[in-house]
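A.B. asks: Below: one structure in structure tokens.
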Amino acid sequence: DVFLKLQQAVSLQPFNTLAVPARARYLVAVDSLGALQEAVDYSRQQDLERMVLGGGSNIVLASDFPGLVIQLNLRGSEILEERADAVTVQVAAGENWDDFVRFSLDQGWYGLENLSAIPGNVGAAPIQNIGAYGVELSSVLKAVVGYDIEAGTMRRLESEACELAYRDSIFKHTLKDRFVITAVELRLSKIAQPETSYPALMAELADETPTPEAVAQAVRRVRARKLPAPDTLPNAGSFFKNPIVDQACYERLRNAHPAMPAWPVASGVKLAAGWLLEQAGWKGYRGEGDLSGLGTYHEQALVLINPGRVAGQQVLALARAITESVSERFGVELDIEPRVYG
Ligand code: FAD
Ligand code: EPU
512 DVFLKLQQAV SLQPFNTLAV PARARYLVAV DSLGALQEAV DYSRQQDLER MVLGGGSNIV
572 LASDFPGLVI QLNLRGSEIL EERADAVTVQ VAAGENWDDF VRFSLDQGWY GLENLSAIPG
632 NVGAAPIQNI GAYGVELSSV LKAVVGYDIE AGTMRRLESE ACELAYRDSI FKHTLKDRFV
692 ITAVELRLSK IAQPETSYPA LMAELADETP TPEAVAQAVR RVRARKLPAP DTLPNAGSFF
752 KNPIVDQACY ERLRNAHPAM PAWPVASGVK LAAGWLLEQA GWKGYRGEGD LSGLGTYHEQ
812 ALVLINPGRV AGQQVLALAR AITESVSERF GVELDIEPRV YG
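The opening position of the sequence shown corresponds to residue 512 in my numbering, with each subsequent residue numbered one higher.
Listed below in structure tokens is the structure:
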């Protein structure tokens, strides 16, 4: 019975990469669909809020969690369909994302190389449609399988139904807190199709032949330079999304800052939040007073760091100071990327 394993007053500090101290009233680790269903049933009977936890690399715990944390440990992967040129594989939500990226490359299955070294678990990948170095999950996602809490049934959503967009999906909107992703289906190619247009990746590859393995290694090198390893310097990756602004706003900023990086996208122009932070003087910031123990990474201003392992409320105070200063200076509003609890 799963409830024998229900733990109380559990520290979540080891389970969030920002290393924020916070406790869960209850925590249960589930390693089967049956256990997941029991845990959900229990939370409904007891009227407890739920938090589905993967690797904890994209959350801010702003207070203790008064409900039930469900640590999703479903493991395994299986081939659903194999053809001469492609494979469709189902991967359980609790698998480590980067372990699966490496495994897929070892099999000669391509499409995930640009998404190398992203922390967290497979089940979280569709939540914000993870993306890096010119590729998003949407380019390989076939379907998402999960437990629909309101319907009380398992359900499969084709990729088109997941409303994947930049750092966004249906799981942040209509299906927020009501759909537990238990597995994802990925369609990977057996034919290498390197995507090397992202400037930093192109520069890193220089004149190297862009085999999938070379691309993966180049991505790993660039990331190792720009992003701190959470186990030595607690962080949650990019703390803000890159803002998408309208043409008029873009032109106003470009006139004032001709060197400002920007990319046209369907809904407007995407700006680099890290550049905005750096220009506003936040790169390599070290907090003092109420903000001591916090800072921003010296190689990448968009990454808030928490070497002092201070509380989520303080992390959010730094985030507010940053968004206010960027808003004042550029007239651009930044949104937080990780999910904030409490
Ligand atoms: P968690 O933090 O555990 O959960 C995040 C949210 O998803 C929570 O709301 C949680 O409830 C929900 N969730 C998780 N699993 C499930 C599930 N199975 N069913 C339903 N809901 C679920 N992201 C990128 O897109 N690109 C990057 O390049 C990138 N680089 C990063 C670098 C660093 C150093 C760090 C720390 C983070 C980075 N991230 C990046 C963010 C993060 O790695 C991704 O968002 C990742 O997908 C989060 O996975 P997780 O398992 O840790 O999710
Ligand atoms: N930049 C600066 N100063 C900084 C940081 C960045 O000027 O301090 C400039 C860079 O020079 C570059 C541009 O901003 O011209 C973009 O920087 P970078 O390539 O480092 O990427 P990013 O836009 O800051 C995004 C994702 C990352 C992802 C990388 C690579 C978001 C919010 N972040 O960062 O994802 O790894 O691109 O594709 O979209 C995450 O989501 O947690 C994450 C790490």
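Positions of the beta carbon are idealized from the N, C-alpha and C atoms, including for glycine. Since we're looking at a predicted model, the values are computed, not measured.
Taking all protein chains shown into account, do 16 or more other C-beta atoms lie within 10 angstroms of the C-beta of G785, making it buried, or fewer, making it exposed?
C.D. replies: Looking up residue 785 in the sequence shown gives position 274. So G785 ends up on the buried side.
A.B. asks: Quick one, are the C-beta atoms of G587 and G631 less than 7 Å apart?
C.D. replies: For the purposes of this step, residue 587 is identified with residue 76 of the sequence shown, where counting begins at 1. For the purposes of this step, residue 631 is identified with residue 120 of the sequence shown, where counting begins at 1. Against a cut-off of 7 Å, the Cβ pair of G631 and G587 comes out as no contact.
A.B. asks: Decide yes or no for the touch test of the segment 672-679 against the segment 700-707: beta carbon pairs closer than 8 Å, at least 3 of them.
C.D. replies: Short answer: they don't touch.
A.B. asks: Rounding to the nearest angstrom, what Cα-Cα distance links A520 and D718 in this structure?
C.D. replies: For the purposes of this step, residue 520 is taken as residue 9 along the sequence shown, with counting starting at 1. For the purposes of this step, residue 718 is taken as residue 207 along the sequence shown, with counting starting at 1. Cα-Cα distance, rounded: 54 Å.
A.B. asks: Below 6 Å CB to CB, which residues in the same chain sit around D575 once its five sequence neighbours on both sides are set aside?
C.D. replies: Translated into positions along the sequence shown, residue 575 becomes position 64. Around D575: A533 and R534.
A.B. asks: Where does D609 land, buried or exposed, given buried means 16+ other C-beta within 10 angstroms?
C.D. replies: The residue you call residue 609 lines up with position 98 of the sequence shown. It is buried - the Cβ of D609 has at least 16 other Cβ atoms within 10 Å.
A.B. asks: Locate the beta strand (DSSP E) running through Y658, then write down its first and last residues.
C.D. replies: Translated into the one-based positions of the sequence shown, residue 658 becomes position 147. L652 to D659 is the span of the beta strand (DSSP E), which, as asked, contains Y658.
A.B. asks: On the three-state DSSP scale, how would you describe S803?
C.D. replies: Taking the sequence shown and counting its residues from 1, one reaches residue 803 at position 292. Looking at S803 - three-state DSSP - the assignment turns out to be coil, as it is neither helix nor strand.
A.B. asks: Go through its chain and collect everything with a Cβ distance to E789's Cβ below 8 Å, but skip five positions before and after it.
C.D. replies: The sequence position of residue 789 within the sequence shown is 278, counting from 1. The answer, listed in chain order, is A812.
A.B. asks: The beta strand (DSSP E) with F841 in it runs from where to where?
C.D. replies: The residue you call residue 841 lines up with position 330 of the sequence shown. Element bounds for F841: not the beta strand (DSSP E) but the alpha helix (DSSP H), G823 to F841.
A.B. asks: In angstroms, rounded to a whole number, what distance separates the CA positions of L712 and G619?
C.D. replies: Walking along the sequence shown from the start, residue 712 turns up at place 201. Walking along the sequence shown from the start, residue 619 turns up at place 108. Each residue's alpha carbon lies about 21 Å from the other.
A.B. asks: Take Y658 and list the residues in its own chain whose beta-carbon comes closer than 8 Å to its own, dropping the five residues that flank it on each side.
C.D. replies: Working through the sequence shown from its first residue, we reach residue 658 at position 147. Excluding positions up to five away in sequence, the list reads L544, L547, Q548, V551, T664, M665, R666, F690, V691 and T693.
A.B. asks: Quick one: is P772 buried, meaning 16 or more other Cβ sit within 10 Å of its Cβ, or exposed?
C.D. replies: Counted from its first residue, the sequence shown places residue 772 at position 261. Classification for P772: exposed.
A.B. asks: Give the C-beta separation of A814 and N746 to the nearest angstrom, bearing in mind that I take them to be a contact with Cβ-Cβ under 8 Å.
C.D. replies: As a position in the sequence shown, residue 814 is number 303, starting the count at 1. As a position in the sequence shown, residue 746 is number 235, starting the count at 1. The sequence given here has Val at residue 814, not Ala. That belief holds up - the Cβ atoms of V814 and N746 are roughly 5 Å apart, short of 8 Å.
A.B. asks: Checking 7 Å against the spacing of the C-beta atoms, do I581 and V539 come in under that value?
C.D. replies: The residue you call residue 581 lines up with position 70 of the sequence shown. The residue you call residue 539 lines up with position 28 of the sequence shown. Yes.
A.B. asks: What are the boundary residues of the beta strand (DSSP E) that G578 is part of?
C.D. replies: As a first step, residue 578 must be located in the sequence shown, where it is residue number 67. Element bounds for G578: F576 to L583.
A.B. asks: Can you check whether the CB of G804 is closer than 7 Å to the CB of G819?
C.D. replies: Position 308 of the sequence shown, counted from the first residue, corresponds to residue 819. Position 293 of the sequence shown, counted from the first residue, corresponds to residue 804. Taking 7 Å as the Cβ cut-off, G819 and G804 qualify as a contacting pair.
A.B. asks: Measure the CB-CB distance between R678 and Q639 and report whether it falls below 7 Å.
C.D. replies: For the purposes of this step, residue 678 is identified with residue 167 of the sequence shown, where counting begins at 1. For the purposes of this step, residue 639 is identified with residue 128 of the sequence shown, where counting begins at 1. Yes, the pair counts as a contact, with Cβ atoms nearer than the cut-off.
A.B. asks: Can you tell me which residues form a DSSP beta bridge with Q519?
C.D. replies: Here the question's residue 519 lines up with position 8 in the sequence shown. Q519 pairs with Y537.
A.B. asks: Check each candidate in H684, I702 and L744 and name the one with the smallest Cα separation from A595.
C.D. replies: Counting from one through the sequence shown, the residue named residue 595 turns up at place 84. With distances taken between Cα atoms, A595 lies closest to I702.
A.B. asks: State the DSSP-derived secondary structure class of S554, mapped to helix, strand or coil.
C.D. replies: Position 43 of the sequence shown holds residue 554. Of the three classes helix, strand and coil, the one that applies to S554 here is helix, per DSSP.
A.B. asks: In angstroms, rounded to a whole number, what distance separates the CA positions of A466 and E696?
C.D. replies: Absent from the structure is residue 466, since the part of the chain shown begins at 512 and ends at 853.
A.B. asks: Could you check whether I847 and W793 sit closer than 7 Å to each other, using their CB atoms as the reference points?
C.D. replies: Mapped onto the sequence shown, residue 793 falls at position 282. Mapped onto the sequence shown, residue 847 falls at position 336. No, the pair does not count as a contact, with Cβ atoms beyond the cut-off.
A.B. asks: Between L572 and N527, how many whole angstroms is the CB-CB distance? I'm expecting something under 8 Å.
C.D. replies: Taking the first residue of the sequence shown as position 1, residue 572 is located at position 61. Taking the first residue of the sequence shown as position 1, residue 527 is located at position 16. Yes, L572 and N527 are in contact; Cβ-Cβ is about 6 Å, under 8 Å.
A.B. asks: State the start and end residues of the unbroken alpha helix (DSSP H) segment that holds L716.
C.D. replies: Your numbering for residue 716 matches position 205 in the sequence shown. Run containing L716: P710 to L716, per the alpha helix (DSSP H) assignment.
A.B. asks: Go to W793, then tell me how far its beta strand (DSSP E) extends in each direction, as first and last residue.
C.D. replies: Here residue 793 is taken as the residue at index 282 of the sequence shown, counted from 1. Unbroken run through W793: none, as it is neither H nor E.
A.B. asks: Looking at A603 and L626, is the spacing between their C-beta atoms short of 7 Å?
C.D. replies: What you label residue 626 is simply residue 115 of the sequence shown in a count that begins at 1. What you label residue 603 is simply residue 92 of the sequence shown in a count that begins at 1. In this structure, A603 does not lie closer than 7 Å to L626 by Cβ.
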